[in-house]
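By the working numbering, the letter at position 47 of the sequence shown is numbered 49, and the numbering carries on one by one without gaps.
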Amino acid sequence: MPQSTAGPGRAVSDGLLVRAVGFLGCLAVAAIHVIDQGGVPGSKGPEYVQILYYVLEVAGVVAAALLLAKRPGLGWVLALGVAAGPILGYVLSRGPGLPDYTDDIGNWAEPLGISSLVAEGILLILAATSLLTSRRGE
3 MPQSTAGPGR AVSDGLLVRA VGFLGCLAVA AIHVIDQGGV PGSKGPEYVQ
53 ILYYVLEVAG VVAAALLLAK RPGLGWVLAL GVAAGPILGY VLSRGPGLPD
103 YTDDIGNWAE PLGISSLVAE GILLILAATS LLTSRRGE
């Protein structure tokens, strides 16, 4: 990681700050989906959508933990999926619809969905930037 002109401790604190924001973003995405399914264990039909929600929620918590542990690179890769997966799901479920799941077609302005897109978009940009920056530093 390149050193900042503000001093040698600056780069370390910036890295921790960025990882902390990523940590919060991963947890926000997971929490929004728990709320959307009606809590834990929740119910979001059809069954494959419910399973994808569970996978996303667990992945969000694991990615958050990795970002604060000694494996931030792996955490950022997982965070990229935590952000990109539900964005794709949102577009598909509101656009053409998903098999046996057409309730949300055209429902682009759902407040919880918009909140989710904001959190996922920020996390996506942060994860992609962090991964690209770490690649350049190698």
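A virtual CB, placed ideally from N, CA and C, is assigned to each residue, including glycine.
None of the values given here were measured: they were computed from a predicted structure.
*Between P74 and L68, is the Cβ-Cβ spacing less than 8 Å?*
yes
*Which full runs of the alpha helix (DSSP H) of 4+ residues lie inside the segment 45 to 86, going along the chain?*
49 to 70
*Note down the Cα distance separating G17 from W78, rounded to an integer number of angstroms.*
12 Å
*R138: buried (16+ other C-beta within 10 angstroms of its C-beta) or exposed?*
R138 comes out exposed.
*Rounded to whole angstroms, how far is the Cβ of G153 from the Cβ of A111, which I believe are closer than 8 Å?*
Limits of the chain in this structure are 3 at one end and 140 at the other, which puts residue 153 out of reach.
_For L26 and L58, I'd like the C-alpha separation in whole angstroms._
15 Å
_Between the alpha carbons of L70 and I107, how many angstroms are there, rounded?_
37 Å
*So who's on the other strand from L100, going by DSSP bridges?*
Y103
*asked:* Output needed for G87: all residues of its chain with C-beta closer than 7 Å, excluding positions within five of it in sequence on either side, in chain order.
replied: If we look at G87 and ignore the five residues flanking it on each side, its Cβ neighbours are L58.
*8 Å Cβ shell around L126 - same chain, five flanking residues per side excluded*: L82, A85, A86, I89
_Which of helix, strand or coil DSSP assigns to P88_ = Judged by DSSP in its simplified three-state form, P88 adopts helix.
*CA-CA distance, Q52 and L134?*
32 Å
*asked:* Please report the distance separating the alpha-carbon of P48 from that of L19.
replied: 38 Å
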